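Contents: one structure, followed by commentary.
There are 2 protein chains.
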Amino acid sequence: MTIPPKRAPTITEVASLAGVSRATVSRTFSRPELLHADTTERVRAAAAQLGYVPNQVARALSTGRAGNIALVVPDIANPFFPPLIRAAQARADSEGYAVFLGDSDERPEREDILLTKIAPQVDGFILASPRLDESRIRAHAARRPLVLINRDIDGLARVLMDVSSGIAQAVRHLADLGHRHIAYVSGPPASWANQERQSAAIAAAREFGMTLIAIAASRPTYQGGQAAATELAQTDVTATIAFDDLVAQGIMAGLAAQGLRVPDEMSVIGFDDVLASTTYPPLTTVAAHCAEAGGQAVDLLTAILQGGSTPMDRILIPTELVVRATTTQPRASAKRRSQQPTFS
Amino acid sequence: MTIPPKRAPTITEVASLAGVSRATVSRTFSRPELLHADTTERVRAAAAQLGYVPNQVARALSTGRAGNIALVVPDIANPFFPPLIRAAQARADSEGYAVFLGDSDERPEREDILLTKIAPQVDGFILASPRLDESRIRAHAARRPLVLINRDIDGLARVLMDVSSGIAQAVRHLADLGHRHIAYVSGPPASWANQERQSAAIAAAREFGMTLIAIAASRPTYQGGQAAATELAQTDVTATIAFDDLVAQGIMAGLAAQGLRVPDEMSVIGFDDVLASTTYPPLTTVAAHCAEAGGQAVDLLTAILQGGSTPMDRILIPTELVVRATTTQPRASAKRRSQQPTFS
DNA sequence: CTGTCCCCTGCAACCGGTTACATAGCTCAC
DNA sequence: GTGAGCTATGTAACCGGTTGCAGGGGACAG
């Protein structure tokens, strides 16, 4: 049996205990500089005695400011997001905002519903890697300040990973090691991040005169990577760049199952650097600083909420290669050249 | 489709468009069975035309029900929590609740502040692995319905892992393989989960006539596990049970750095089964079904919120051993017996 | 034809704050 | 001594819903 939750004291009770009007109590907590010091003191004492805390819901209704922000991600369980969420939450907290978390389960329509449902309760949104189409995102942005992470829509505030620098470093690293034939194992085709990474890889491979084949991981998961490893084993590529660390790890496991050793028989590079330090062997990867992206997104959002003006509405977070233990020189191999489409 | 206006339409606008009173619009969305079908239809049409969505904040103020629940965890980045959060969020969503997420950064006082700050905006709390002391938890529970995960406080609703069965299976598995000297690498001493696991391990070891030493991982992290591996290497134990998978993975990396091979020279068992399938070699571990815990906690909370009565206020989730590739028979070893405290 | 009952719907008072505006009292310069 | 200019506080109208209560009107029985 539950204890009937005791009702929190209201502003009216504090007012009568302190012998002032409700307005004075309200001002004590919102604009104390308007009041005589003695008065605020007396009100504070009364409030403390009753255990009064201003009701955020009532405050939100009358001011229109909720003191909350919403963070929507496609899949909390994807290791890319927890550090991002964590940083965002910490930042929001120190700015005085509480955080609504939404998981869209990778489904655009869930994202849409989530947004409309929690909109009145928040002052602004952060959409991380949204799967929603551009027009709907713009529609939501028209209602509430909104910051995107990992999605580039003109005119909207956004925090982006500067993918190309990191990918270029990765490809150059492989070129320096002597690799000539490499693969990119891609993520969700609809994902902006995937398109960015893939085209950056293609461009870099062309620059270094390497052959690059693209292999689709059915899903951006460990399992997807495992499946891709089977395809990889049938090609003559000696190095692979994966859509993200999770796929890279799946590839490593898949290769191991095929009896191929990493890095001796196949070099593997991940992306994000979210679990690189916890794989064995430690994964060479491109660090995307996702935690920083989360923090920056909150900063940007609160700046918009408070200032109104947006000094910089497009923040680029640099990425860079972190070399660990999954890349080395290619070994001569007699594998058959694949029929995969090749680029340059 | 109409261009969404900056300000969300209110009940008043819908009422005048539909030619009814505000009360009727309200009832259309809260208690439609009181209205004539034609009326609700007309109101719904007007609402749709304006893009009206009931304002949850206003609703919360007048009903006292916020339609939100809060989920507080000590560290989102700990892989134990994302599946739990994900399941909880999905469940809450389908029950019509939105979710506040709080990360206490493992600090009890942050937990306390978070709870008091969010309290008026939510109908109830879920505290996962709270670090807060019992009296404070009880204080919060007196104000709002509250469900605990991984913490056993008498009289409060809670979802617990039935640790002992899984640990017993793990120890038996090691005994069957022929291990005689094993170690438990512990987590945070203040953690209920750690105490449970450790005492279960001690009890099981005693039952099977094995020697068990306890080694403290300074922190329940990958790094903590690595450090513990150094200590492990100096003992004559042939198998290790880790506080959780993260620590287990750190141990594996640490052992590799010491030149010890898993499982040949040291068997390793984790706990939680949150990243077991993504390590290499795949980790033998105790599955804790943390996602189910999250879902059950939400079910329990919503039952309390709706029913008022609590049919079952203590849910036990069974755990069981999942054998993968990090356990095998012990190899004779000449390592020196350690001076660690031993239990039976 | 009238009375009763029930089904819908409207009226108006909340919920707990915020805030524009009014005002009381006081200081100070002229 | 009086009006201007403050400062500190009160009054009351919101914010956008919900809901107890009242009442109009149709159905139906007598």
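Those protein sequences? They're chains A and B, same order as listed. Residue 45 in numbering that gives the first Met the number 0 sits at position 46 of the first sequence, and the numbers go up by one each step. Residue 175 in numbering that gives the first Met the number 0 sits at position 176 of the second sequence, and the numbers go up by one each step. Note that the Cβ used here is the ideal one computed from N, Cα and C, for glycine as well. This one's a predicted model, so the numbers in the text were calculated from it and none came from an experiment.
For R85(B), the residues of chain A that pass the 9 Å Cβ criterion are D74, I75, A76, D102, D104, in the order they occur in the chain.
Using a 10 angstroms sphere on the CB of V322(A), the tally of other CB atoms stays under 16, which defines it as exposed.
In the same chain as A255(A), and ignoring 5 residues on each side of it, the C-beta atoms closer than 8 Å to its own belong to V261, in chain order.
For I314(B), no Cβ of chain A is located within less than 8 Å of the residue's own Cβ. The Cβ atoms of A87(B) and V98(B) sit closer than 8 Å to each other. The continuous beta strand (DSSP E) containing T210(B) extends over residues 210 to 215. The count of Cβ pairs closer than 8 Å, one atom from the stretch 132 to 148 of chain B and one from the stretch 117 to 124 of chain A, stays below three, leaving the stretches out of contact.
In this structure P219(B) is in contact with L245(B), their Cβ atoms being roughly 7 Å apart against a cut-off of 8 Å.
Beyond the five residues adjoining it in sequence on each side, T327(B) comes within less than 8 Å, by CB distance, of L176, P262, D263, S266 in the same chain, given in chain order. In the structure shown, the three-state DSSP call for I240(A) is strand. Contact check for A203(A) and I214(A): beta-carbon distance about 17 Å, past the 8 Å limit, so the pair fails to qualify. Here Y51(A) has P8, V13 as same chain residues with Cβ atoms under 6 Å from its own Cβ, once five neighbours each way along the sequence are excluded.
For A46(B), the CB contacts under 6 Å within the same chain, skipping 5 residues up- and downstream, are V13 in chain order. With distances taken between CA atoms, A247(A) lies nearest to G186(A) out of V297(A), G186(A), D298(A), V42(A). At least 8 Å separates the beta-carbon of I152(A) from that of S128(A). Annotation for S198(B): the continuous alpha helix (DSSP H) segment containing it runs 191 to 206.
The stretch 247 to 293 of chain A is shown to contain whole beta strand (DSSP E) runs of 3 or more residues at 266 to 271, 283 to 286, in chain order. Inside the stretch 0 to 81 of chain A, DSSP marks whole beta strand (DSSP E) runs of 3 or more residues at positions 67 to 72, from first to last along the chain. Counting the other Cβ atoms within 10 Å of the Cβ of R196(B) gives 16 or more, which makes it buried. A Cβ-Cβ distance of about 4 Å is found for the pair A238(A) and H178(A), placing them in contact under the 8 Å criterion.
Around the beta carbon of E133(B), a 10 Å sphere encloses fewer than 16 other beta carbons of the protein chains shown; the residue is thus reported as exposed.
By the C-beta density criterion, E110(B) is buried, having at least 16 other C-beta atoms within 10 angstroms.
The beta carbon of L315(B) lies closer than 6 Å to those of L159, D161 in the same chain, with the five residues before and after it left out. Using a CB distance cut-off of 8 Å, I250(B) does not count as an interface residue toward chain A. Taking 8 Å as the upper bound for CB-CB distance, I125(A) and L70(A) are in contact here, some 5 Å apart. For L145(A), the enclosing beta strand (DSSP E) stretches over residues 145 to 148. Using a CB distance cut-off of 8 Å, R142(A) counts as an interface residue toward chain B. H180(A): member of the beta strand (DSSP E) spanning 180 to 185, first to last residue. For V98(B), the enclosing beta strand (DSSP E) has its first and last residue at 97 to 102. Using a 10 angstroms sphere on the CB of D272(B), the tally of other CB atoms reaches 16 or more, which defines it as buried. DSSP links E319(A) through a beta bridge to A286(A). Pairing T38(B) with P53(B), the inter-Cα distance amounts to about 17 Å.
Sequence-distant partners of L300(B) (beyond 5 residues in either direction) whose C-beta falls short of 7 Å from its own C-beta, in its chain, are I68, G123, I125, P144, V146. As computed with DSSP, R313(A) is found in a beta bridge with R157(A). Contact check for I268(B) against A167(B) fails: the beta carbons are separated by 8 Å or more.
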